[in-house]
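Below is one structure, written out as structure tokens; comments come after it.
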Amino acid sequence: MDINESNLKEDLSKWITSLQNLLPKKKDIIIIQPQKAVLTRLGNIHFEAKSVFPKCFTGTKLVILRELFDKVKLVQQYNFGRPKDSYKCFSHFIHKEMETQNNSDGLVIDSTGSATASYKEVLEDGIEIKLTSKIKDLISSETEMVLEKETDKLIGSFSCTMKDVDPKTLRVVTQFIYKVLPEFSVGIESGMRPLYPLLPDISISSRYEKGSLTLSSTVSQLGFQVCLYKQLAPDLRIATIVNENKNGPNMGFALHKMYGNGSEFKVFIDSQRCGGFTFEKDVHFVEHNDTRVVRLVASTLIDRQRRVRFGFGFHLDF
Numbered sequence: 000m001d002i003n004e005s006n007l008k009e010d011l012s013k014w015i016t017s018l019q020n021l022l023p024k025k026k027d028i029i030i031i032q033p034q035k036a037v038l039t040r041l042g043n044i045h046f047e048a049k050s051v052f053p054k055c056f057t058g059t060k061l062v063i064l065r066e067l068f069d070k071v072k073l074v075q076q077y078n079f080g081r082p083k084d085s086y087k088c089f090s091h092f093i094h095k096e097m098e099t100q101n102n103s104d105g106l107v108i109d110s111t112g113s114a115t116a117s118y119k120e121v122l123e124d125g126i127e128i129k130l131t132s133k134i135k136d137l138i139s140s141e142t143e144m145v146l147e148k149e150t151d152k153l154i155g156s157f158s159c160t161m162k163d164v165d166p167k168t169l170r171v172v173t174q175f176i177y178k179v180l181p182e183f184s185v186g187i188e189s190g191m192r193p194l195y196p197l198l199p200d201i202s203i204s205s206r207y208e209k210g211s212l213t214l215s216s217t218v219s220q221l222g223f224q225v226c227l228y229k230q231l232a233p234d235l236r237i238a239t240i241v242n243e244n245k246n247g248p249n250m251g252f253a254l255h256k257m258y259g260n261g262s263e264f265k266v267f268i269d270s271q272r273c274g275g276f277t278f279e280k281d282v283h284f285v286e287h288n289d290t291r292v293v294r295l296v297a298s299t300l301i302d303r304q305r306r307v308r309f310g311f312g313f314h315l316d317f
């Protein structure tokens with residue numbers, strides 16, 4: 000039977016188009032010059048330096064983000080091999096450090112069987128209350144209430160966290176950060192468990208920022224940390240972190256390079272002869288004035304045994 004070449008090309012084109020339609024559409028990005036924050040929260044005191052370091056992983060993963068309703072987001076993550084972050088050359092000494100802040104009410108559901116609901120309301124005198132409830136694997140839960148007060152020179156918060164509705168797991172954390180000078184801030188955190196002996200965990204932090212340079216530090220019972228961040232150009236950043244904890248001292252250096260096509264490259268090395276990098280790139284498919292996009296992520300990690308491990312993933316944001 001004769002095969003019509005034009006019909007074959009047309010069928011193949013329709014099949015490719017149908018696959019592209021399954022990808023998320025490219026979102027319009029409105030570039031607005033961000034306003035300089037008056038004061039940085041204690042949980043983000045090392046944010047600039049630590050965000051330069053890549054999140055290296057091994058194996059293969061697929062991450063899908065989808066907004067179902069105005070305040071409901073579905074997070075699907077499928078892992079093959081060992082896709083979790085397998086190495087970090089720094090620790091977190093501050094409560095809820097570097098965690099994503101929920102700016103509005105909503106519900107986040109992921110494919111691992113956990114759901115996080117958040118609610119926020121502003122009370123009198125500018126006091127903000129945040130309630131967060133997280134259910135994981137349908138058997139464990141975590142509930143947190145945060146009271147926060149922010150002024151031009153001070154941010155103070157009081158939080159209570161309880162796991163599995165067990166009073167024995169209740170933890171109370173108080174955080175304050177105060178701007179002593181326009182370039183210098185000092186913060187303190189105190190955490191304790193009321194049903195245990197009163198031995199609070201105390202940490203003291205400081206932050207100095209001037210122009211594109213930021214120097215921050217934290218000292219606690221768990222160890223100490225010094226972070227240096229420098230923006231060399233609009234598309235080039237570097238960071239150095241000196242960290243000491245129960246595993247001993249460690250020093251890491253990282254570089255973050257951004258390209259005009261939206262690609263990002265991050266690389267790090269440390270004093271324990273470990274290193275790695277990640278490369279992210281958006282791939283666009285244009286069809287009938289409709290642009291679809293998928294983000295590709297590649298990772299390489301060299302561990303202490305000098306083994307080289309690779310990772311690859313896709314990010315789809317609907």
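Everything in the sequence shown is counted per numbering that gives the first Met the number 0, starting at 0 for the first residue and increasing by one.
Glycine included, each C-beta is placed from N, C-alpha and C at the ideal position.
Here the structure is a predicted model, which means the values were calculated and not measured.
Provide the residue span of the alpha helix (DSSP H) that contains Phe46, from first to last. In the sequence shown, the residue the question calls residue 46 occupies position 47. That run of the alpha helix (DSSP H) goes Phe46 to Val51.
Please report the straight-line C-alpha distance between Ile201 and His283, rounded to a whole angstrom. On the sequence shown, position 202 is the one that residue 201 refers to. On the sequence shown, position 284 is the one that residue 283 refers to. One C-alpha to the other measures close to 49 Å.
Write down the C-beta distance between Ile93 and Ser204 rounded to the nearest angstrom, noting that I regard them as a contact closer than 8 Å. Within the sequence shown, residue 93 is the residue found at index 94, counting from 1. Within the sequence shown, residue 204 is the residue found at index 205, counting from 1. Contact flag correct, Cβ pair sits at about 7 Å.
Does Gln224 pass the burial test, meaning 16 or more other C-beta atoms within 10 Å, or should it be called exposed? Along the sequence shown, read from residue 1 onward, the residue named residue 224 stands at position 225. So Gln224 counts as buried.
On the premise that Lys54 lies in contact with Gln76, defined as a C-beta separation below 8 Å, what is that separation, rounded to the nearest angstrom? One-based indexing of the sequence shown puts residue 76 at position 77. One-based indexing of the sequence shown puts residue 54 at position 55. Their Cβ separation, rounded to whole angstroms, is 13 Å, which puts Gln76 and Lys54 out of contact at 8 Å.
Taking DSSP as the reference, what is the three-state secondary structure of Thr318? For the chain, the structure presents residues 0 to 317; residue 318 sits outside this window and is missing.
For Lys167, the three-state DSSP class (helix, strand or coil): Along the sequence shown, read from residue 1 onward, the residue named residue 167 stands at position 168. In this structure, Lys167 counts as helix in the three-state DSSP scheme.
Have a look at Lys162 and Met144 and give me their C-alpha separation to the nearest angstrom. What you label residue 162 is simply residue 163 of the sequence shown in a count that begins at 1. What you label residue 144 is simply residue 145 of the sequence shown in a count that begins at 1. When the Cα atoms are used, Lys162 and Met144 turn out to be separated by approximately 12 Å.
What did DSSP end up calling Gly186 once you bin it into helix, strand or coil? Residue mapping note: residue 186 aligns to position 187 of the sequence shown, counting from 1. Residue state, collapsed to three classes: strand.
Going by DSSP, name the residue or residues bridged to His94. The residue you call residue 94 lines up with position 95 of the sequence shown. For His94, DSSP assigns no beta-bridge partner whatsoever.
Checking the sheet assignment: what are the DSSP bridge partners for Ser139? As a working mapping, residue 139 is identified with position 140 in the sequence shown. Answer is Lys135.
In this structure, does DSSP put Asn260 in helix, strand or coil? Position 261 of the sequence shown, counted from the first residue, corresponds to residue 260. In the structure shown, Asn260 adopts coil according to DSSP, grouped into three states.
Residues that Cys159 bridges to, as DSSP identifies them: Position 160 of the sequence shown, counting from 1, holds the residue named residue 159. Paired residues: Met144 and Val171.
Buried versus exposed call for Arg40 [16 or more other C-beta atoms within 10 Å across all chains shown]: The residue labelled residue 40 in the question sits at position 41 within the sequence shown. With at least 16 other beta carbons inside 10 angstroms of its own, Arg40 counts as buried.
Can you give me the start and stop residues for the beta strand (DSSP E) that Arg308 sits inside? By 1-based counting over the sequence shown, the position of residue 308 is 309. From DSSP, the beta strand (DSSP E) with Arg308 extends over Val307 to Asp316.
Counting C-beta neighbours from all protein chains within 10 Å, is the total for Arg206 16 or more, i.e. buried, or is it exposed? Residue mapping note: residue 206 aligns to position 207 of the sequence shown, counting from 1. So Arg206 counts as buried.
Nearest-angstrom Cα separation, counted from Met97 out to Gly125: The sequence position of residue 125 within the sequence shown is 126, counting from 1. The sequence position of residue 97 within the sequence shown is 98, counting from 1. Spanning the alpha carbons of Gly125 and Met97 requires a straight line of approximately 24 Å.
Can you give me the start and stop residues for the beta strand (DSSP E) that Phe223 sits inside? If you number the sequence shown from 1, residue 223 lands on position 224. That run of the beta strand (DSSP E) goes Gly222 to Ala232.
For Gly310 and Gly58, believed in contact at Cβ under 8 Å, the rounded distance: Your numbering for residue 58 matches position 59 in the sequence shown. Your numbering for residue 310 matches position 311 in the sequence shown. About 6 Å separates the beta carbon of Gly58 from that of Gly310, a gap short enough to meet the 8 Å contact definition.
Among the residues of its own chain, which have a CB less than 7 Å from the CB of Ile134, if the five just before and after it don't count? Working through the sequence shown from its first residue, we reach residue 134 at position 135. So the qualifying residues of the chain are Ser113, Ala114 and Ser140.
Would you decide whether Arg305 is buried or exposed? Buried here means 16 or more other CB atoms lie within 10 Å of its CB. Numbered from 1 along the sequence shown, position 306 holds the residue referred to as residue 305. Arg305 should be labelled exposed.
Spatially closest choice to Glu243 from Phe56, Phe89 and Phe46, by CA coordinates: Within the sequence shown, numbered from 1, the residue matching residue 243 stands at position 244. Closest option to Glu243, Cα to Cα, is Phe89.
Per DSSP, the bridge partner or partners of Leu130: As a position in the sequence shown, residue 130 is number 131, starting the count at 1. Bridge partners of Leu130: Tyr118 and Met144.
Quick one, are the C-beta atoms of Val51 and Tyr228 less than 8 Å apart? Here residue 51 is taken as the residue at index 52 of the sequence shown, counted from 1. Here residue 228 is taken as the residue at index 229 of the sequence shown, counted from 1. Tyr228 sits close to Val51, with the two beta carbons spaced by under 8 Å.
Where the beta strand (DSSP E) through Arg303 begins and ends: Here residue 303 corresponds to residue number 304 of the sequence shown, with the count starting at 1. Neither: Arg303 is in no beta strand (DSSP E) and is coded neither H nor E.
Just to confirm the assignment, what range does the beta strand (DSSP E) spanning Ser219 have? Numbered from 1 along the sequence shown, position 220 holds the residue referred to as residue 219. Looking at the DSSP string, the run of the beta strand (DSSP E) that includes Ser219 is Leu212 to Ser219.
Which residues in the same chain as Ser211 place their Cβ atom closer than 7 Å to its Cβ, once the five residues preceding and following it in sequence are excluded? Here residue 211 refers to the residue found at position 212 when the sequence shown is read from its first residue. Here the set comprises Lys229 and Gln230.
Nearest to Thr213 (by Cα), restricted to the options Phe183, Val164 and Pro248: The residue labelled residue 213 in the question sits at position 214 within the sequence shown. Residue Phe183 holds the alpha-carbon nearest to the alpha-carbon of Thr213 among Phe183, Val164 and Pro248.
In whole angstroms, give me the CA-to-CA distance for Met0 and Leu295. Counting from 1 along the sequence shown, the entry for residue 0 is found at position 1. Counting from 1 along the sequence shown, the entry for residue 295 is found at position 296. Note that Met0 scores 43 on pLDDT, short of 50, meaning its location in the model is unreliable and no value can be drawn from it.
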